[in-house]
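What follows is a single structure, written as structure tokens, with notes after it.
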Amino acid sequence: MSKIPVMLTICGKQFYDGQEPDVIELVTEGTLELQKQVWEIAYEETDLTGLAGVTTVFRVGPRGVSLKRTGRLQSQMIFREGVRHESLYQMEFGALMIAVQAQKLRHTLTEQGGTVDLTYAIEIENSAAGTVEYHLDVKAIQ
Numbered sequence: 170m171s172k173i174p175v176m177l178t179i180c181g182k183q184f185y186d187g188q189e190p191d192v193i194e195l196v197t198e199g200t201l202e203l204q205k206q207v208w209e210i211a212y213e214e215t216d217l218t219g220l221a222g223v224t225t226v227f228r229v230g231p232r233g234v235s236l237k238r239t240g241r242l243q244s245q246m247i248f249r250e251g252v253r254h255e256s257l258y259q260m261e262f263g264a265l266m267i268a269v270q271a272q273k274l275r276h277t278l279t280e281q282g283g284t285v286d287l288t289y290a291i292e293i294e295n296s297a298a299g300t301v302e303y304h305l306d307v308k309a310i311q
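Take the numbering used here: the last position of the sequence shown gets the number 311, and nothing is skipped along the way.
See the structure below:
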């Protein structure tokens, strides 16, 4: 299957102890592609997210979800419910060790689009940093 142009609405919420949630909403164009039972959603970050110059790719499949960023920032996080995953989060000024553990993974993706819901706990340098929720709404551009 070739890449399908899509309109993405991405809502990200970060919850930290004792603070109001940090919410980012982004509407952007991207692509959707099915590769061997895995849906790949790709888009370019913008200044709004603070990640201009970064390409983000979500891979959603039967075994879980991965989130990979390339460009000015390098990271790959793998999400499987109940499984802790550690990785290096490389930025221009240095790197941090992060660990994620998925609490919720749901998707309704088809060739016309759909949704992806991901909730995970995150640790930065072995310290609990809160919870992150992503909701992606994917609509094929006709």
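Beta carbons: idealized from backbone N, C-alpha and C, even for Gly.
Member of the options whose CA lies at the smallest distance from the CA of residue i
i	options	result
Gln-243	Gln-259, Gly-222, Phe-184 and Ala-211	Gln-259
Leu-201	Tyr-212, Glu-294, Gln-183 and Ala-298	Tyr-212
Glu-235	Arg-241, Val-223, Gln-270 and Thr-218	Rather than Glu, the amino acid found at residue 235 in this sequence is Ser. The shortest Cα separation from Ser-235 among Arg-241, Val-223, Gln-270 and Thr-218 belongs to Gln-270.
Phe-227	Lys-182, Glu-209, Leu-217 and Leu-195	Glu-209
Asn-295	Arg-249, Ser-256 and Gly-181	Ser-256
Arg-241	Val-252, Thr-215, Tyr-289 and Val-207	Thr-215
Gln-183	Gly-230, Gln-281, Pro-231 and Thr-218	Thr-218
Pro-190	Val-196, Thr-197, Glu-198 and Gly-181	Gly-181
Ala-221	Val-175, Glu-261, Arg-249 and Val-252	Glu-261
Leu-265	Thr-224, Ile-291 and Glu-280	Ile-291
Gly-299	Ser-171, Gln-281, Tyr-185 and Thr-277	Tyr-185
Gln-206	Thr-178, Arg-232, Ala-297 and Lys-273	Arg-232
Met-176	Glu-280, Gly-251 and Lys-273	Glu-280
Glu-198	Tyr-289, Gln-204, Thr-225 and Gln-188	Thr-225
Leu-203	Ser-171, Gly-187, Val-223 and Gln-188	Ser-171
His-276	Gln-188, Gly-187 and Val-307	Val-307
Residue i - partner residues in DSSP beta bridges
i	result
Ser-296	Ile-293
Lys-308	Met-176 and Gly-282
Ser-235	Arg-228 and Ile-247
Leu-217	In DSSP, Leu-217 forms no bridge with anything.
Arg-253	Gln-270
Phe-184	Thr-300
Leu-242	Paired residue(s): none; Leu-242 is not in a bridge.
Gln-204	Val-207
Glu-198	Met-176
Gly-263	Met-260
Thr-288	Lys-273 and Glu-302
Check whether residue i and residue j have beta carbons under 8 Å apart
i	j	result
Ile-293	Ile-267	yes
Ala-309	Ile-193	no
Leu-157	Val-229	Summary: the structure shown does not reach residue 157, with the chain confined to residues 170 through 311, and so no result is reported for it.
Gln-272	Tyr-289	yes
Anticipated Cβ contact below 8 Å, residue i with residue j, distance rounded
i	j	result
Val-252	Arg-238	Not really, about 20 Å apart at Cβ, beyond 8 Å.
query = So, do the region 284-291 and the region 299-308 have three or more beta carbon pairs nearer to each other than 8 Å?
reply = yes
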